[in-house]
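**Q** Have a look at this one before I ask anything.
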Amino acid sequence: MSHIAFLGPEGTFTHQAASILKDKLYDDSTELVYFDTINDVMDAVITSKCVKGVVPIENSIEGPVNVTLDALVHEYDLMIEGEIVLPINHNLMAPKGLKLSDISDVYSHPQALAQCHNYILNNSFRVHSTSSTAAACKNIVNFKNSASIGTVKAAELYGLNILDENIQDVDNNETRFVVLSKHDSRPTGDDKTSIVFSLHDDKPGGLYGILGIFAEFSINLSKIESRPSKQGLNKYVFFINFEGHRQDEDISKILKLIGENTSFFKVLGSYHLIQ
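The sequence shown begins at 1285 in our numbering and counts up by one.
Pasting the structure below:
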């Protein structure tokens, strides 16, 4: 039996993403196993306890998941093998027998509470933070006149009634999850590659030069951002996502040129969307 690790607990959006991966690429003999931290997920893949790991890497509203980015750069030699993008639809749910008019308090993860701020304000709910949306759903039965904000999957797991659907303030809220492995995927013709690099300190215009390499080969960039390198103030690593697979002829040339013109360079993987 093979195992897929995901950031838990059960009933979270990451659980939902891991379920999609299992349904698309694996059979019933594969088991989903949750871990409490992103590092625990990566450890499970590195040690071969699990064949894949699923963790969040970016939210369209909150931005990058820095724990994931930093771990991939500084701590683990893992590669991105696939990505899953989920719409983030929050729901208000409560134990059976409670109505919306009964609710005075709401529990959830701080991000979920923030993403439903207007709804909570309009209903004059008192808010309480929990470690995850699933934890709120699991424990809500212990609190009087209270509801949780979470996923449909959590409502099913913990026997809750959904009192109100899609209560998030922004409708186009999405989270991008990555599938981590010891290798990336084979070319499909519809691929994306992620890299990270640092520039030489004594080379003005270094970032401009790197971006020019992509322009020279007419390669479309889908994302560029910086993170502190942990090597001191004003020292950064740059993440770039772009179209193409690292085994494509032009992409291979681009990666060679970037490696020759940077002080640190790492390919995080070539992969495609799993849907």
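The beta-carbon is built from N, C-alpha and C at its ideal position, and this holds for glycine as well.
Please report how far the alpha carbon of Ser1510 lies from the alpha carbon of Asn1350, in whole angstroms.
**A** When rounded, the distance between both Cα atoms is 11 Å.
**Q** Assign Asp1386 to buried or exposed, taking buried as 16 or more other Cβ atoms, counted over all protein chains shown, within 10 Å of its Cβ.
**A** Looking at its Cβ environment, which holds fewer than 16 other Cβ atoms inside 10 Å, Asp1386 is exposed.
**Q** Quick check on the DSSP output: what are the complete beta strand (DSSP E) runs of length 3 or more inside the stretch 1423 to 1486, in order along the chain?
**A** Whole beta strand (DSSP E) segments, 3+ residues: 1430 to 1434, 1444 to 1448, 1458 to 1465, 1476 to 1482.
**Q** Along the chain, where does the beta strand (DSSP E) that runs through Ile1508 open and close?
**A** Counting along the chain, the beta strand (DSSP E) containing Ile1508 begins and ends at 1505 to 1512.
**Q** For the alpha helix (DSSP H) that Phe1319 lies in, which residues bound it at each end?
**A** Element bounds for Phe1319: not the alpha helix (DSSP H) but the beta strand (DSSP E), 1315 to 1319.
**Q** Alpha carbon to alpha carbon, what distance is there between Asn1429 and Leu1382?
**A** Approximately 7 Å between the Cα atoms of the pair.
**Q** Among the residues of its own chain, which have a CB less than 6 Å from the CB of Gln1531, if the five just before and after it don't count?
**A** Counting only Cβ-Cβ distances below 6 Å, and skipping sequence neighbours, we find Pro1471.
**Q** Whole angstroms is fine: what's the gap from Gly1490's alpha carbon to Leu1483's?
**A** Distance between the alpha carbons of Gly1490 and Leu1483 is about 6 Å.
**Q** Please list the segments of the alpha helix (DSSP H) lying wholly inside the stretch 1364 to 1404, counting only runs of 4 or more residues, in order along the chain.
**A** Whole alpha helix (DSSP H) segments, 4+ residues: 1394 to 1399.
**Q** Kindly indicate which residue of Thr1477, Ile1538, Asn1450, Asp1474 has the alpha-carbon position closest to the one of Gly1493.
**A** It is Ile1538 whose Cα lies nearest to the Cα of Gly1493.
**Q** Taking the alpha-carbon of Val1390 as reference, which of Leu1370, Ile1372, Ser1413 has the nearest alpha-carbon?
**A** For Val1390, the nearest C-alpha among the options comes from Ser1413.
**Q** Comparing C-alpha positions only, which one of Thr1417, Gly1543, Asp1534 sits nearest to Ala1439?
**A** Looking at the Cα atoms, Thr1417 is the closest of the given residues.
**Q** Determine the DSSP secondary structure at Glu1346, reduced to helix, strand or coil.
**A** Coil at Glu1346, not helix or strand.
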